[in-house]
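Read in this note's numbering, the sequence shown has 458 at position 260, and its numbers run on one by one without any break.
Each remark here refers to the structure printed beneath this line.
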Amino acid sequence: EVGALAENDAAAARAEVARREQDLIEAQSNLENRRLRLLRLIDPNALHRSDLELTTASSPHREALPIEDIADRVALAARMRPDLNEARLRHEQNRLETVRTRNGLLPRLDLFIDLGKTGYADAFTDSFQNLEDDTYEVTGGIRLSHYLGNRAARGRDLAAREDWEQSRLSIENLEDLVRLDVHLAINEVERYRRQITASAVTRAFQEQSLQAEEERFNVGAGTALLVAQAQRDLLASQIAEIDAIVQYRIALVDLFLAEGSLLERRGISLGN
199 EVGALAENDA
209 AAARAEVARR
219 EQDLIEAQSN
229 LENRRLRLLR
239 LIDPNALHRS
249 DLELTTASSP
259 HREALPIEDI
269 ADRVALAARM
279 RPDLNEARLR
289 HEQNRLETVR
299 TRNGLLPRLD
309 LFIDLGKTGY
319 ADAFTDSFQN
329 LEDDTYEVTG
339 GIRLSHYLGN
349 RAARGRDLAA
359 REDWEQSRLS
369 IENLEDLVRL
379 DVHLAINEVE
389 RYRRQITASA
399 VTRAFQEQSL
409 QAEEERFNVG
419 AGTALLVAQA
429 QRDLLASQIA
439 EIDAIVQYRI
449 ALVDLFLAEG
459 SLLERRGISL
469 GN
């Protein structure tokens, strides 16, 4: 009889519905968990009003363009990354320390001039009364001093030089890591950009597949199970497409972090 289902087919269809209900329960639970976590990030006191609802003001979808200015982004990261700039500042401080300790090893040459007024008398107490006379005394000269075998200063200088060299090598290594971070982030952006296109094509084919199964079912050539499975596959493809879009946006944020430009791109500037 057309439209009649065998008992086994009906059981399979009911099992498919039960799986959908399980997936729905999981999705609702995950949605609530993420809503509460997002509320906590937005406002630590928001959990006192846990019934607050979140409404998105825009769609996560945006035009995904290939990244072609890779060299410019690497140069931007070399200039903007805060960890790299901090390492450079510490390196400069080590350089100043090296200069200071090196100065401790150098001979010291002092130029001095003493200008005084002298009072002469037979008694010490009378000499103060003669300070009003035109008796001046000028002494000038140079003084050269140098420590012989200054081991402490040499030790400090060697330690400062070693610290300076280590910081220089650390900066070079960090610069390499920054370049790697940017290239890896760009690769992830490109990956999800291509996934958006591929998942959209998959979703379009699944829509056609569902339409075909529904038409077959309407004329008695298909089963409810096949329609339910086609609906499931379409839903999975829609979720995959949305996930690719979201992951693309996350990959862009990670790229901006790797560049050190995230705050600037969000209109946030830090004072000097």
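Backbone N, C-alpha and C fix where the C-beta goes; we use that ideal spot for every residue, glycine too.
Bear in mind that the values here come from a model prediction, so they are computed numbers and not experimental data.
- A straight-line Cα-Cα distance of about 8 Å links LEU423 and GLU214.
- The Cβ atoms of GLN429 and LEU408 sit closer than 8 Å to each other.
- Judged by DSSP secondary structure, ALA438 falls within the alpha helix (DSSP H) whose first and last residues are 422-457.
- In the structure shown, LEU408 adopts helical secondary structure according to DSSP, grouped into three states.
- DSSP lists LEU309 as the bridge partner or partners of ILE340.
- DSSP, reduced to helix, strand and coil, places HIS259 outside both helices and strands of the structure shown, so it counts as coil.
- Between ALA434 and SER397, the CB-CB gap reaches or exceeds 8 Å.
- A direct Cα-Cα distance of roughly 14 Å separates GLU457 from GLU386.
- In the DSSP assignment, GLU462 falls within the alpha helix (DSSP H) that extends over 460-463.
- For the pair ILE340 and LEU309, the CB atoms are nearer than the 8 Å cut-off.
- By the Cβ criterion, the region 444-456 is not in contact with the region 220-240, since fewer than three pairs of Cβ atoms, one from each stretch, lie closer than 8 Å.
- Check the Cα spacing between ALA208 and each of ASP441, SER459, LEU432 and ALA426: the tightest is with ALA426.
- With a beta-carbon spacing of about 7 Å, LEU282 and ALA276 fall inside the 8 Å limit used to define contacts.
- Judged by beta-carbon spacing, GLU462 lies beyond the 8 Å limit of PRO264, meaning their Cβ atoms are not closer than that value.
- Taking C-alpha positions only, ALA383 is separated from THR254 by approximately 26 Å.
- Residue ASP431 holds the alpha-carbon nearest to the alpha-carbon of THR400 among ALA410, HIS381, ASP431 and ASN371.
- The beta carbons of ALA262 and ARG391 sit about 4 Å from each other, so the pair counts as a contact at 8 Å.
- Per DSSP, the continuous alpha helix (DSSP H) segment holding ALA276 begins and ends at 268-278.
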